[in-house]
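A quick write-up on the structure given underneath.
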Amino acid sequence: MNRKFSIFILGGTGDLAKRKLLPALERLYKEGHLKNLHKVYSLARKEDPSWKVLVSSLEPSEKFDNFLQFDVNLDSSYHHLGRILRELKGQELIFYLALSPFLFETALRKLGRLLRDFTNPRKIVIEKPFGFDTASARKLNQLLYTYFLEEEIYRIDHFLGKETIQNIFSVRFSNTIFESLWHRNFVDHVQIVAIEDIGIEGRGEYYDKAGAIRDMLQNHMLQMLSFLAMEPPCCMYPEFIRDEKVKLLRSVRKISPEETVKGQYEGYLLEKAVREGSKTETFVAVKLHIDNPRWQDVPFYLMTGKRLSKKLSQMAVVFKEVPRSFANLFDCMPNQNKIIFQTSPKNKIAIHFELRPPAGKFIACPVETVMEYDMESYVGKKLPEAYETLILDIIEGDRSLFIRGDEVELMWEIVQPILESDAPLHIYKPGTLGPEQAHLLLQKDGKAWII
Ligand code: BG6
0 MNRKFSIFIL GGTGDLAKRK LLPALERLYK EGHLKNLHKV YSLARKEDPS WKVLVSSLEP
60 SEKFDNFLQF DVNLDSSYHH LGRILRELKG QELIFYLALS PFLFETALRK LGRLLRDFTN
120 PRKIVIEKPF GFDTASARKL NQLLYTYFLE EEIYRIDHFL GKETIQNIFS VRFSNTIFES
180 LWHRNFVDHV QIVAIEDIGI EGRGEYYDKA GAIRDMLQNH MLQMLSFLAM EPPCCMYPEF
240 IRDEKVKLLR SVRKISPEET VKGQYEGYLL EKAVREGSKT ETFVAVKLHI DNPRWQDVPF
300 YLMTGKRLSK KLSQMAVVFK EVPRSFANLF DCMPNQNKII FQTSPKNKIA IHFELRPPAG
360 KFIACPVETV MEYDMESYVG KKLPEAYETL ILDIIEGDRS LFIRGDEVEL MWEIVQPILE
420 SDAPLHIYKP GTLGPEQAHL LLQKDGKAWI I
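Take numbering that gives the first Met the number 0: the last position of the sequence shown gets the number 450, and nothing is skipped along the way.
Structure follows, in structure tokens:
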């Protein structure tokens, strides 16, 4: 950006700011991307000692070591902020809401009013979850539009900053060998998995009101789905990309409670700030359908959960079997071709296909062979963190990887039927692969999770 700018992180001493945002900003600064950065201000109720330790270690410290005592609920805090803004004439102001989602509304209303007194160009960045259901997401959008233009709003989903996810476009749209197969004639089914070994990590107050559907399925998982299933945009401009995602999301059938499995890990009720007898799901698996010519009758299976046996985030596109596989000549099972986009534990793309066993007989049962592109090994250095990529996009004003207002509402509509459904809650043991019912969901269709 050519103009000078300042960043204001509301919730600036919180976990997200300390673990992700401030370190990402420092790396961007060191790499020379933030030449016009005036200062990063951390706004919070009180100065936190670990925030102080962190910012004094960041270089150059005068850019990052700027604390502003700020209570989202108090008008006096906004007056104080206003005094600072008055000194930043002509600068672009970037406000990052790294707050508890329960505070978004108040913060937006008061900040919006304050900004009416200023003519500075501005951007507002808002974390997920954006609302708690369809109605509240609509209300939040209306509130945003009272004070901001859509092009000033950056609804962030950090999964879209991951290298593998950004590679889906190139794989799909720049390769004849994939592009020509990417539809119902050749794809058997798709799996999207984001499972974690960690629990709720002291976030009970938020998580118990959210659960796995609001925390992961409605946002990260539906975004992965959009990237995998959308039509190619006519050209690579943010609005055209977002138009295609919206078109796709309109074709996604609302998820049926009958095709949903909810679970809760044993011991969840003992976590701090979890309500007694809470029915919040820490696991969810669904079968989803897309009603459009490309994907009609191709099932999409999505699964996410906490306290499972491992951390794994990936999307698998599983192709149909060849009509008369070689393998059928032998007494062995043919493997279906797959392409796997993994974001965790590694950023990699793996293609699974059938080959003659190495140094085996000419006529032999084919074996599954994997060709892998591991991005970090390929570039030979640590890849940028998702937040680094996205923050740079915000600064440069590229909205391609951010969620538009109509998009987020459609995403809520898709999960709305299962938010309050009384589908049974299955208790599962920590360290396992979740409730048995989630595995039956695929077994019924003659398939199995690739995990
Ligand atoms: C966050 C969720 O958005 O994503 C967390 O709130 C979850 O509950 C996290 O652990 C997973 O992200 P990542 O990048 O660690 O896979």
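Idealized CB from N, CA, C, for every residue including glycine. Values in this document were obtained by computation on a predicted structure and should not be read as measured data.
Which residue comes first and which comes last in the alpha helix (DSSP H) that contains leucine 409? Here the question's residue 409 lines up with position 410 in the sequence shown. Looking at the DSSP string, the run of the alpha helix (DSSP H) that includes leucine 409 is 404 to 418.
Can you check whether the CB of leucine 227 is closer than 8 Å to the CB of leucine 302? As a first step, residue 302 must be located in the sequence shown, where it is residue number 303. As a first step, residue 227 must be located in the sequence shown, where it is residue number 228. Checking the sequence, you will find methionine at residue 302 rather than leucine. Not a contact, by the Cβ cut-off of 8 Å.
The ligand BG6 heavy atom lying under 7 Å from the CB of methionine 220: For this step, residue 220 is matched to residue 221 along the sequence shown. Because no heavy atom of the ligand BG6 lies under 7 Å away, the Cβ of methionine 220 does not count as near it: no.
Between the CA atoms of methionine 410 and glutamate 134 - distance to the nearest angstrom: The residue given as residue 134 occupies position 135 in the sequence shown. The residue given as residue 410 occupies position 411 in the sequence shown. Residue 134 is actually alanine in this sequence, not glutamate. Between alanine 134 and methionine 410, the C-alpha separation is close to 12 Å.
Could you tell me whether any non-hydrogen atom of the ligand BG6 is closer than 7 Å to the CB of serine 76? Here residue 76 corresponds to residue number 77 of the sequence shown, with the count starting at 1. No, the Cβ of serine 76 stays beyond 7 Å of every heavy atom of the ligand BG6.
Compare the beta carbon distance of glycine 203 and lysine 305 with 8 Å and say whether it is the shorter of the two. Position 204 of the sequence shown, counting from 1, holds the residue named residue 203. Position 306 of the sequence shown, counting from 1, holds the residue named residue 305. Not a contact, by the Cβ cut-off of 8 Å.
Identify the continuous alpha helix (DSSP H) that holds leucine 391 and give its terminal residues. Counting from 1 along the sequence shown, the entry for residue 391 is found at position 392. Per DSSP, leucine 391 belongs to the alpha helix (DSSP H) from 385 to 395.
Should proline 100 go down as buried or exposed, given a rule of 16 or more other Cβ atoms within 10 Å for buried? Taking the first residue of the sequence shown as 1, we reach residue 100 at position 101. Proline 100 should be labelled buried.
On the DSSP bridge list, what partners appear for glutamine 68? Along the sequence shown, one-based indexing puts residue 68 at 69. DSSP output for glutamine 68 lists Ala43 as bridge partner(s).
Could you check what DSSP says for aspartate 444 in three-state terms: helix, strand or coil? Along the sequence shown, one-based indexing puts residue 444 at 445. Note: aspartate 444 maps to coil in three-state DSSP.
Quick check: is any heavy atom of the ligand BG6 less than 7 Å from the C-beta of methionine 215? The residue given as residue 215 occupies position 216 in the sequence shown. It does: the Cβ of methionine 215 is within 7 Å (strictly closer) of some heavy atom of the ligand BG6.
Can you look up valine 321 in the DSSP assignment and give me helix, strand or coil? Walking along the sequence shown from the start, residue 321 turns up at place 322. Here valine 321 sits in coil by DSSP.
Just to confirm the assignment: which complete beta strand (DSSP E) runs, minimum length 3, are found wholly within the region 13 to 62? Listed in chain order, they are 36 to 43.
I need the boundaries of the alpha helix (DSSP H) containing glutamate 243, first residue and last residue. Position 244 of the sequence shown holds residue 243. Glutamate 243: member of the alpha helix (DSSP H) spanning 237 to 250, first to last residue.
For my contact list, glutamine 442 and tyrosine 300 are in at a C-beta cut-off of 8 Å; report their separation, rounded to the angstrom. Along the sequence shown, one-based indexing puts residue 442 at 443. Along the sequence shown, one-based indexing puts residue 300 at 301. Wrong, their Cβ atoms sit about 11 Å apart, outside the cutoff.
Heavy atom of the ligand BG6 less than 7 Å from the Cβ of serine 324, yes or no? To locate residue 324, count along the sequence shown from 1; it is residue 325. Checking the Cβ of serine 324 against the ligand BG6 gives no.
Glutamate 229 to methionine 223 span [Cα, whole Å]: Counting from one through the sequence shown, the residue named residue 229 turns up at place 230. Counting from one through the sequence shown, the residue named residue 223 turns up at place 224. The question names glutamate, but residue 229 is methionine in the sequence shown. Looking at the backbone, the Cα of methionine 229 and that of methionine 223 are separated by about 10 Å.
What separation, rounded to the nearest whole angstrom, lies between the Cα atoms of phenylalanine 63 and leucine 389? What you label residue 63 is simply residue 64 of the sequence shown in a count that begins at 1. What you label residue 389 is simply residue 390 of the sequence shown in a count that begins at 1. Their backbone Cα atoms lie some 19 Å apart in a straight line.
Cβ-heavy atom distance between lysine 127 and the ligand BG6 below 7 Å? Locating residue 127 in the sequence shown gives position 128, where the first residue counts as 1. Yes; taking the cut-off as 7 Å, the Cβ of lysine 127 has a heavy atom of the ligand BG6 nearer than that.
Under the three-state DSSP convention, the category glutamine 190 falls into: Position 191 of the sequence shown, counted from the first residue, corresponds to residue 190. If DSSP states are grouped into helix, strand and coil, glutamine 190 belongs with the strands.
Just to confirm my understanding: we take threonine 431, look at its own chain, exclude 5 residues before and 5 after, and list those with CB closer than 8 Å. What are they? As a first step, residue 431 is located in the sequence shown; it is residue number 432 there, counting from the start. Correct list, in chain order: Leu307 and Ser308.
Among Tyr144, Glu126, Asp156 and Arg183, whose alpha-carbon lies nearest the alpha-carbon of proline 292? Walking along the sequence shown from the start, residue 292 turns up at place 293. Considering only alpha carbons, the answer is Arg183.
Tell me whether the region 135 to 142 and the region 160 to 171 touch, counting them as touching only if at least three CB pairs, one residue from each stretch, are closer than 8 Å. Counting Cβ pairs under 8 Å, fewer than three are found: no touch.
Below 8 Å, how does it come out for the region 371 to 378 and the region 76 to 95: are there three or more Cβ pairs, yes or no? With the cut-off at 8 Å, the region 371 to 378 and the region 76 to 95 do not touch.
What are the complete beta strand (DSSP E) segments, minimum 3 residues, inside the region 268 to 325? Those beta strand (DSSP E) runs which fall completely within the region 268 to 325 and span 3+ residues are 282 to 287, 299 to 304 and 311 to 318.
Exposure of histidine 78, with buried meaning 16 or more beta-carbon neighbours within 10 Å: One-based indexing of the sequence shown puts residue 78 at position 79. Classified as exposed, histidine 78 has fewer than 16 neighbouring CB atoms from the shown chains inside 10 Å of its CB.
Minimum C-alpha distance to aspartate 132 - residue among Ile393, Ser225 and Asp214: Position 133 of the sequence shown, counted from the first residue, corresponds to residue 132. If we check each option's Cα against that of aspartate 132, Asp214 comes out closest.
Check the DSSP bridge columns for leucine 114 and list the partner residues they point to. Position 115 of the sequence shown holds residue 114. Beta-bridge pairing links leucine 114 to no other residue.
Consult DSSP for serine 99 and reduce its assignment to one of helix, strand or coil. Translated into the one-based positions of the sequence shown, residue 99 becomes position 100. Of the three classes helix, strand and coil, the one that applies to serine 99 here is coil, per DSSP.
Less than 7 Å between C-beta atoms, sequence neighbours within five positions excluded: which residues of the same chain meet that for arginine 500? Nothing in the structure corresponds to residue 500, since the chain is present only between 0 and 450.
Measure from the C-beta of glutamate 371 to each C-beta in chain D and report whether the shortest distance is under 8 Å. Annotation note: the requested chain D is absent from the structure, which comprises a single protein chain.
Where DSSP assigns a beta bridge to asparagine 5, which residues make up the other side? Residue mapping note: residue 5 aligns to position 6 of the sequence shown, counting from 1. Residue identity differs from the one stated: residue 5 is serine in this sequence, not asparagine. According to DSSP, serine 5 bridges with Leu92.
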